[in-house]
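*Asks:* Protein chains in written order, with the working numbering: chain A, 14 to 153; chain B, 47 to 160. I'd like to ask you about the structure that follows.
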């Protein structure tokens with residue numbers, strides 16, 4: 014059980030520092046190593062998407078809420094940047110590996126590692142929420 | 047991202063010396079690799095055993111390193127830690143690289159021990 018809230022500026026260095034703080038926080042420290050690694054990866058992808066797309070690399074506020082309850086870890090990320098071009102569902106996967114894509118991996122990773130992934134727009138902010146399954150080692 | 051280089055006849059090992067290959071490190075990593083890979087050894091092995099965190103930007107940077115080498119030179123990987131191996135596996139990019147358990151085994155593959 015637990016609750017954590019982080020506010021940061023959406024840029025790559027601030028994302029790194031926040032992930033390091035979250036990694037050392039009580040919620041992630043109580044998780045098995047595999048689940049912790051997967052949670053940090055999902056948060057990295059979500060936060061970097063916000064920095065790159067919602068704020069177009071210009072920086073802007075983003076909030077992270079983590080809550081651990083009987084069902085496992087629930088994460089929520091809120092930003093006040095541009096609305097995503099896909100309001101109802103995340104975009105498709107990256108190109109096939111054989112084409113040597115250098116990007117577009119993020120959403121595939123997020124979808125592979127989470128459950129109940131939900132993206133919605135409300136009163137000028139974008140809210141992404143997800144659950145991390147407890148048996149992450151087997152899945153990932 | 048600090049990289050170290052060691053040459054073994056036909057093989058250059060480029061070792062990533064920092065624990066995070068993330069969005070904040072990706073651009074500088076690519077530039078460091080571009081300098082580190084200059085030369086003519088046919089094999090270039092990127093040793094990632096010190097990297098504990100890799101995100102999709104870091105993965106994209108590693109793929110760009112692969113594209114940077116002109117045939118017949120090729121990029122191989124060694125020493126993927128568990129979180130790094132997971133990213134390669136989930137994105138199926140593990141299918142396009144030769145991946146060695148560690149740098150010593152990568153060298154053993156071309157007839158050199160360490």
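Cβ coordinates follow ideal geometry from the N, Cα and C atoms, glycine included.
Listed from N- to C-terminal order along the chain, which residues in the region 128 to 143 of chain B have their beta-carbon within a distance smaller than 9 Å of any beta-carbon of chain A?
*Replies:* Answer in chain order: 128, 129, 132, 133, 135, 136, 137, 138, 139, 140, 141 and 142.
*Asks:* Nearest chain A C-beta to residue 67 of chain B closer than 7 Å, yes or no?
*Replies:* Position 21 of the second chain, counted from the start, is the residue given in the question as residue 67 of chain B. Output row for residue 67 of chain B: interface = no.
*Asks:* Excluding the 5 residues flanking residue 112 of chain B on each side, which residues of the same chain have their C-beta closer than 6 Å to its C-beta?
*Replies:* Residue numbering aside, residue 112 of chain B sits at position 66 when the second chain is read from its first letter. So the list reads 121, once near-sequence residues are dropped.
*Asks:* Can you name the residues of chain A whose CB is closer than 7 Å to the CB of residue 101 of chain B?
*Replies:* If you number the second chain from 1, residue 101 of chain B lands on position 55. Those are 54, 57, 58 and 61, listed as they occur along chain A.
*Asks:* Pairs of beta-carbons, one from the region 83 to 91 of chain A and one from the region 105 to 116 of chain A, closer than 8 Å: are there three or more?
*Replies:* As far as the Cβ criterion goes, the region 83 to 91 of chain A does not touch the region 105 to 116 of chain A, which means the pair count is below three.
*Asks:* Output yes or no for whether 7 Å exceeds the beta carbon distance between residue 142 of chain B and residue 123 of chain B.
*Replies:* Against the second chain, residue 142 of chain B aligns to sequence position 96. Against the second chain, residue 123 of chain B aligns to sequence position 77. No; because the gap between Cβ atoms is not below 7 Å, this pair is not in contact.
*Asks:* If you count every other CB in all the chains shown that lies within 10 Å of the CB of residue 35 of chain A, and 16 or more means buried, which is it?
*Replies:* For this step, residue 35 of chain A is matched to residue 22 along the first chain. When all chains shown are included, residue 35 of chain A counts as buried.
*Asks:* Figure out for me which residue from B:151, B:133, B:154 and B:152 has the closest Cα to the Cα of residue 52 of chain A.
*Replies:* Translated into positions along the first chain, residue 52 of chain A becomes position 39. Residue B:133 is the option with its Cα nearest to residue 52 of chain A.
*Asks:* Within the continuous beta strand (DSSP E) that includes residue 122 of chain B, where are the two ends?
*Replies:* In the second chain, residue 122 of chain B corresponds to position 76, counting from 1. Element bounds for residue 122 of chain B: 120 to 124.
*Asks:* With a threshold of 7 Å between beta carbons, is residue 29 of chain A in contact with chain B?
*Replies:* Sequence index remark: in the first chain, residue 29 of chain A carries index 16 (1-based). Yes, contact with chain B.
*Asks:* For the region 48 to 85 of chain B, which segments carrying the beta strand (DSSP E) assignment without a break, of at least 3 residues, lie completely within its bounds, in sequence order?
*Replies:* Qualifying beta strand (DSSP E) stretches, in chain order: 49 to 54 and 57 to 62.
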